[in-house]
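Engineer: Residue numbers (this note's numbering): 57 to 452. No residue lacks a Cβ here, since even glycine has one placed at the ideal position from N, Cα and C.
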């Protein structure tokens, strides 16, 4: 990477903002393409909780970096961006020589794996821990707390640990995720020490283009049908479910209030059903005009975590999550994304995700518990959400 920074736990969003601004202030663009696509990007990520045990999750609580190399593909257009650090000590001739050598290596690549071709080599995955009665007991306990008015909603996550006889192929897993989930954000983050966090998230925390901000309220779910008729019936059942609508409304109100607190005027789009490969969600896009004096990371800090991944009220439910969940969430359900030189930005929520370490994999999935939830149905939802990653890992 060209530039990176160490971030203080308590001020990680603020420190990331300073780093991004500092990078772009020092940047001199030299290119043959004036489109926004060709702008350099700073990539950022934040764990769900600011304090993370790195023995349990091998990544820092926050990262921000400007990569040396970016390859961007948009439709039929492909762009290569080189970010070079030059100061008074830089040997320009040596830097030019190294850069040209790297470019030659890239242009000499004439063959590549066909990433659209699915892998059909089965992988033997072994379950290390079963999910079942323990999760249902936690749901029952949470429902008692909701009845006692301790909180309105709590998102309980579960971790499924698997192992294979050989190292899991990250490339093949990502290929499978892209082929199986074309409507999701496919992502991967590697720490350089054989640990990779990856997934296929359907949830956008923010998208910012030309000061137009968009955020997703995504909560409430049901399976896809085996036929068009059944799929339609299930979608209608989802739309009419008071329990699912209640869970969804909490998320809408939270996002709207947080945006208002930033001095914005959010507009709520009509409720929709987002249909994915094996699951469908209640989905309400929320949009607003972002003032130029508000940084994208200020919005991310204000919105994370939404009740879609934590519960409500947030302060209470985050403490409850620590009490109920024995594993480290890490990047699960956390903000991951980028900011470009023009001020555009996109951050997703790291759900439908897994941590891959050699031949080991930990899969994450969560379910929102509200009044009216049933332990058996919440367990079924968790198992349904695991299926996407299980399918991707089974052939890599």
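In whole angstroms, what separates the C-alpha of residue 274 from that of residue 303?
Structural biologist: In the chain shown, the residue the question calls residue 274 occupies position 218. In the chain shown, the residue the question calls residue 303 occupies position 247. Cα to Cα, the separation comes out at about 10 Å.
Engineer: Measuring only the C-alpha atoms, how far is residue 154 from residue 434?
Structural biologist: As a first step, residue 154 is located in the chain shown; it is residue number 98 there, counting from the start. As a first step, residue 434 is located in the chain shown; it is residue number 378 there, counting from the start. Taking the straight line from one Cα to the other gives about 55 Å.
Engineer: How many angstroms separate the CA atom of residue 86 from the CA atom of residue 403?
Structural biologist: Working through the chain shown from its first residue, we reach residue 86 at position 30. Working through the chain shown from its first residue, we reach residue 403 at position 347. Cα-Cα distance, rounded: 27 Å.
Engineer: Give a yes or no on whether the minimum CB-CB distance between residue 189 and chain D is below 8 Å.
Structural biologist: Of the protein chains in the structure, only one exists, and it is not chain D.
Engineer: Taking the C-alpha atoms as reference points, what is the distance between residue 400 and residue 122?
Structural biologist: Within the chain shown, the letter at position 344 stands for residue 400. Within the chain shown, the letter at position 66 stands for residue 122. One C-alpha to the other measures close to 15 Å.
Engineer: Helix, strand or coil for residue 177 per DSSP?
Structural biologist: Position 121 of the chain shown, counting from 1, holds the residue named residue 177. With a pLDDT of only 47 at residue 177, under 50, the local geometry of the prediction cannot be trusted, and the value read off the model is given with reservation. DSSP places residue 177 in coil when its eight states are reduced to three.
Engineer: Does the ligand NAD have a heavy atom nearer than 7 Å to the CB of residue 131?
Structural biologist: As presented, the structure is devoid of all ligands, the ligand NAD included, so that no description of it is given.
Engineer: Can we say the stretch 282-297 touches the stretch 350-359, given the rule of at least three CB pairs closer than 8 Å?
Structural biologist: no
Engineer: For residue 281, which residues of its own chain have a beta-carbon under 6 Å away from its beta-carbon, when the five flanking residues on both sides are left out?
Structural biologist: In the chain shown, counting from the first residue as 1, residue 281 sits at position 225. Within the same chain, Cβ atoms closer than 6 Å to the Cβ of residue 281 are found at 287 and 290, the five residues on either side in sequence being excluded.
Engineer: Out of 285, 369 and 445, point me to the one whose CA is closest to residue 201's CA.
Structural biologist: If you number the chain shown from 1, residue 201 lands on position 145. That would be 369, whose Cα lies nearest to the Cα of residue 201.
Engineer: In or out: residue 97 buried (at least 16 other Cβ within 10 Å) or exposed?
Structural biologist: The residue you call residue 97 lines up with position 41 of the chain shown. With at least 16 other beta carbons inside 10 angstroms of its own, residue 97 counts as buried.
Engineer: Within 10 Å of its beta-carbon, does residue 66 have 16 or more other beta-carbons around it, so buried, or fewer, so exposed?
Structural biologist: The sequence position of residue 66 within the chain shown is 10, counting from 1. Per the 10 Å Cβ criterion, exposed.
Engineer: Mark residue 266 as exposed unless 16 or more other C-beta atoms lie within 10 angstroms of its C-beta, in which case mark it buried.
Structural biologist: Residue numbering aside, residue 266 sits at position 210 when the chain shown is read from its first letter. Residue 266 should be labelled exposed.
Engineer: Taking the continuous beta strand (DSSP E) assigned at residue 453, which residues delimit it?
Structural biologist: One cannot answer for residue 453 here, as it falls past the ends of the chain, which runs 57 to 452.
Engineer: Entirely within the stretch 100-129 and at least 3 residues each: give me those beta strand (DSSP E) ranges in chain order.
Structural biologist: 118-122
Engineer: Whole angstroms is fine: what's the gap from residue 426's alpha carbon to residue 165's?
Structural biologist: Working through the chain shown from its first residue, we reach residue 426 at position 370. Working through the chain shown from its first residue, we reach residue 165 at position 109. So the alpha carbons of these two residues sit roughly 53 Å apart.
Engineer: Is it true that the stretch 216-224 meets the stretch 188-199, where meeting means three or more beta-carbon pairs spaced less than 8 Å apart?
Structural biologist: no
Engineer: With residue 438 as the anchor, note down where its alpha helix (DSSP H) starts and where it stops.
Structural biologist: Translated into positions along the chain shown, residue 438 becomes position 382. From DSSP, the alpha helix (DSSP H) with residue 438 extends over 431-449.
Engineer: Below 8 Å, how does it come out for the stretch 383-394 and the stretch 109-117: are there three or more Cβ pairs, yes or no?
Structural biologist: yes
Engineer: Beta carbon of residue 125, beta carbon of residue 448: below 8 Å?
Structural biologist: For the purposes of this step, residue 125 is taken as residue 69 along the chain shown, with counting starting at 1. For the purposes of this step, residue 448 is taken as residue 392 along the chain shown, with counting starting at 1. Cβ distance not < 8 Å, so residue 125 and residue 448 don't count as in contact.
Engineer: Could you give the uninterrupted runs of the alpha helix (DSSP H) lying entirely in the stretch 305-377, keeping only those of 4 residues or more?
Structural biologist: 352-359
Engineer: Taking residue 413 and residue 255 to be in contact with their CB atoms under 8 Å, please state how far apart those CB atoms are, rounded to whole angstroms.
Structural biologist: The residue you call residue 413 lines up with position 357 of the chain shown. The residue you call residue 255 lines up with position 199 of the chain shown. With 8 Å as the limit, residue 413 and residue 255 do not qualify as a contact, their Cβ atoms being about 15 Å apart.
Engineer: Measuring alpha carbon to alpha carbon, tell me which of 134, 444 and 94 ends up nearest residue 163.
Structural biologist: In the chain shown, the residue the question calls residue 163 occupies position 107. The candidate whose alpha carbon is nearest that of residue 163 is 134.
Engineer: In terms of residue numbering, what span does the beta strand (DSSP E) encompassing residue 402 cover?
Structural biologist: In the chain shown, residue 402 corresponds to position 346, counting from 1. Segment 401-405, the beta strand (DSSP E) holding residue 402.
Engineer: Of all the options 272, 318 and 239, which has the alpha carbon lying nearest to the alpha carbon of residue 306?
Structural biologist: Mapped onto the chain shown, residue 306 falls at position 250. Nearest of 272, 318 and 239 to residue 306, Cα basis: 272.
Engineer: Report the residue from 248, 331, 379 and 393 whose alpha carbon sits nearest the alpha carbon of residue 278.
Structural biologist: The sequence position of residue 278 within the chain shown is 222, counting from 1. Measuring from the Cα of residue 278, the nearest candidate turns out to be 331.
Engineer: Are the CB atoms of residue 317 and residue 371 within a distance shorter than 8 Å?
Structural biologist: One-based indexing of the chain shown puts residue 371 at position 315. One-based indexing of the chain shown puts residue 317 at position 261. Their beta carbons are not under 8 Å apart, which means residue 371 does not touch residue 317 by this criterion.
Engineer: With DSSP collapsed to three states, give me the class of residue 79.
Structural biologist: For the purposes of this step, residue 79 is taken as residue 23 along the chain shown, with counting starting at 1. Residue 79 falls in the helix class under three-state DSSP.
Engineer: Give the range of the beta strand (DSSP E) segment to which residue 244 is assigned.
Structural biologist: Translated into the one-based positions of the chain shown, residue 244 becomes position 188. Going by DSSP, residue 244 is part of the beta strand (DSSP E) stretching over 241-246.
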